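What follows is a set of notes on a single structure, which appears directly below.
Number of protein chains: 2
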Amino acid sequence: MKISTKGRYALRIMIDLAQHDEGEAIPLKEISERQGITLKYMEQIMPLLTRAGYVRSFRGNNGGYLLSKSPSDYTVGDILRTTEGSLAPIACLEDTPNRCERREECKTLKFWEGLWQTINDYVDGTTLEQLVNQKNE
Amino acid sequence: MKISTKGRYALRIMIDLAQHDEGEAIPLKEISERQGITLKYMEQIMPLLTRAGYVRSFRGNNGGYLLSKSPSDYTVGDILRTTEGSLAPIACLEDTPNRCERREECKTLKFWEGLWQTINDYVDGTTLEQLVNQKNE
DNA sequence: TTATAACCTATAAGTTTACTAGGAATAAAA
DNA sequence: TTTTATTCCTAGTAAACTTATAGGTTATAA
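In order, the protein sequence lines correspond to chains A and B.
Using my numbering, read the first sequence as starting at 1 and increasing by one per residue.
Using my numbering, read the second sequence as starting at 138 and increasing by one per residue.
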């Protein structure tokens, strides 16, 4: 029951982009050095965020990435679902043909649906801006 | 971000034990047939529940398992944590030496702690009895 | 004594995770 | 126009994890 590095890194990358936004595209190389995440692995994560419209990418010299919206307009849930996929705790809940033949008599299905809902509510209740402004004691 | 079969099966096994409890030990073979879970795999899951004191096991002829408490005395969280391990969504949260050297400056740690808490609260808010009495529409 | 059942340990196939690698496309700057 | 810096795309891969199988040992009621 773990969030993978894809989701965790994506969150840190988005925070980094928010913190260092001065209007100029930020290359992954910079983020890689600050965050200690390998460039090549980040290159695999970023297209997910680009395709979702969460960042704008600029190729070529002086290229890099910029957030497309204000940090307050992203929920953490948006970012996690885009990179991790669905946060459903069991495959049965997804549309995909993972349905169980015991579905009708399943005593646990509603419980799992509730957990899924609870997780989604929580992750959608925090914005990227709130994380950026997070103070550490 | 998925619950594994260990946790899901354990829950179904506990429900099955509750539903068929008539004072006599229930052998895994019966549960296996009803639930469509292989006997050998269940044999690996049960000792976790036995050691946790959640079921009493009886070896030998006419042996099997019985719940040690009333279904209302188990939360789903108890059962899942016993079989799945901690429900922490990232390893950083656990005591184990998974701590990150960026811990002090981490903007996301509190968020993950909150998710963990939210998950634990939810799974501890449902009892085995409630699942047994679950009606399906 | 036999049958039945839990218990224990090892192994193995399949899947996922977390990368690594190499090159193609793009675009600013020299 | 050439160089340099960057994203993008696809493939490969080692390690870990999941989901079992398999075989044998121990315990106990009939």
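Built from N, CA and C at the ideal position, the CB exists for glycine as well.
Note that the structure is a prediction, hence the values are computed from the model and not measured.
query: Chain B contact for residue 66 of chain A (CB, 9 angstroms cutoff); result: no
query: Inter-residue spacing [alpha-carbon to alpha-carbon] between residue 166 of chain B and residue 181 of chain B; result: 14 angstroms
query: Sub-9 angstroms separation of residue 90 of chain A and residue 174 of chain B beta-carbons; result: no
query: Sequence-distant residues of its chain with Cβ nearer than 6 angstroms to residue 100 of chain A (five each side left out); result: 92
query: Element boundaries [beta strand (DSSP E), containing residue 201 of chain B]; result: 201-204
query: Same chain, Cβ closer than 7 angstroms to residue 250 of chain B, neighbours up to 5 away in sequence not counted; result: 230
query: Whole runs of the beta strand (DSSP E) within the segment 3-91 of chain A, excluding any shorter than 3 residues; result: 55-58, 64-67
query: Coarse secondary structure for residue 255 of chain B, derived from DSSP in three states; result: helix
query: Classification of residue 54 of chain A by the beta-carbon crowding that lies within 10 angstroms, buried from 16 upward; result: buried
query: Where the alpha helix (DSSP H) through residue 266 of chain B begins and ends; result: 265-269
query: Pairwise C-alpha distance: residue 217 of chain B and residue 189 of chain B; result: 12 angstroms
query: Proximity below 9 angstroms, CB of residue 200 of chain B to CB of residue 207 of chain B; result: no
query: Chain A contacts from the segment 204-226 of chain B (Cβ-Cβ distance under 7 angstroms); result: 213, 221, 224, 226
query: is_contact[residue 42 of chain A, chain B] using C-beta, thresh 9 angstroms; result: no
query: CA nearest to the CA of residue 76 of chain A, picked from B:198, B:246, B:222, B:220; result: B:246
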